[in-house]
Amino acid sequence: QKEVEQNSGPLSVPEGAIASLNCTYSDRGSQSFFWYRQYSGKSPELIMFIYSNGDKEDGRFTAQLNKASQYVSLLIRDSQPSDSATYLCAVKVGAGGTSYGKLTFGQGTILTVHP
Amino acid sequence: DAGVIQSPRHEVTEMGQEVTLRCKPISGHDYLFWYRQTMMRGLELLIYFNNNVPIDDSGMPEDRFSAKMPNASFSTLKIQPSEPRDSAVYFCASSLLAPPLDTQYFGPGTRLTVL
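In the order they appear, the protein sequences are chains A and B.
Position one of the first sequence corresponds to residue 1351 (this note's numbering), numbered consecutively onward.
Position one of the second sequence corresponds to residue 197 (this note's numbering), numbered consecutively onward.
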C-alpha cells in the first residue's frame, strides 16, 4: 500500500464547476497535510495546508481533513481553465514517528478544466 | 525575496560522467530538501538538512549520490558516476519552520538527462 494515494485522473470538469480532488494516507501519525499545484514543466507550488479536522477555506479553494478516515480532499469552486494542472497531496508525520519531518507526496491528480 | 535558486536549469551528460546540481535556499530558511521527480516514481525526497546538518538521507538511492551543505546559503547534490536511470527533474526546496508544521518552497528544478 502506498503511503499517500491519489487518483491519477485525468479529472475533467467544465469551466465554472466544482473540482473535487481526493487523497488517502496510511500513517495514522500524520499531522500535517498539504496541497501543491504543479503546472507542466514547473515546480510544485503550495496552495493549501490543513492541520485540524474539518474544512479550511481560502478563496475558491477548500481543504477538508478527516483523520479518522485518513482522508484529505481539495475542492476548487468555479473552476477556471487556468486551474488545469497536476495537484499533489503531501503528508507529514508528527514528532516521534520514524519518518519525522519527511514530506511524502502522492502521485498527483491531473485536472483539466475545459471551457 | 528571489526564492529558491537552482543551477543549472538543464543538464545533459553522458553515462559515467560526474554531475553536480546546486541550490541556494531562501535567505533565513534553516531547512533544505532535495527531491527527484520522474513519471514513474513521482516526487521523492532524497535528503534534507537542518542548519546545514543532514537529518535524513534514507531516500538517497545509492552511493553514487551524495549531498553537502557547506553553509546556510548553498547546497550541492552530486551524482558520480551518472547513469541513464538518473534522468529526472531534481528539485531543491527550503523552509523556515521546523517540521511537521513547515511550508516548503520549491526551486525551479534542474532537468537532468543522462545519455
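Glycine included, every Cβ here is placed at the ideal spot set by N, Cα and C.
Closer than 9 Å at the beta carbon, the chain B residues around residue i
i	result
A:Gly1458	Gly238 and Leu239
8 Å contact criterion, which residue i and residue j should meet: CB distance rounded
i	j	result
A:Tyr1389	A:Leu1438	Not a contact, Cβ separation roughly 12 Å.
B:Thr234	B:Ala289	Not a contact, Cβ separation roughly 17 Å.
B:Gly224	A:Ser1393	No, B:Gly224 and A:Ser1393 are not in contact; Cβ-Cβ is about 20 Å, not under 8 Å.
Three-state secondary structure assigned by DSSP to residue i
i	result
A:Pro1394	coil
B:Pro221	coil
B:Pro204	coil
B:Asp226	coil
B:Pro277	coil
A:Ser1423	strand
Sequence-distant residues of its chain with Cβ nearer than 6 Å to residue i (five each side left out)
i	result
B:Lys274	Thr216 and Ser262
B:Val208	Thr309
Neighbourhood of residue i by C-beta, 7 Å cutoff - its chain only, sequence neighbours within 5 removed
i	result
A:Gly1366	Asp1428 and Ser1429
A:Gln1457	Gln1356 and Ser1358
B:Pro204	Thr306
A:Asn1403	Leu1415, Asn1416 and Lys1417
Inter-residue Cα distance where the pair is residue i and residue j
i	j	result
B:Met211	A:Leu1453	30 Å
B:Glu258	A:Leu1371	34 Å
A:Val1441	B:Gln213	35 Å
A:Tyr1421	B:Pro250	31 Å
B:Asp282	B:Lys264	18 Å
B:Ser271	A:Thr1436	28 Å
Proximal residues of chain B, C-beta to C-beta of residue i below 7 Å
i	result
A:Ser1402	What A:Ser1402 touches in chain B: nothing, since even the nearest Cβ is about 12 Å away.
Amino acids of chain A, ordered along the chain, whose beta-carbon sits closer than 9 Å to that of residue i
i	result
B:Thr299	Phe1384, Leu1396 and Phe1399
Partner residues on chain A for residue i, Cβ-Cβ distance less than 7 Å
i	result
B:Gly305	Ser1393
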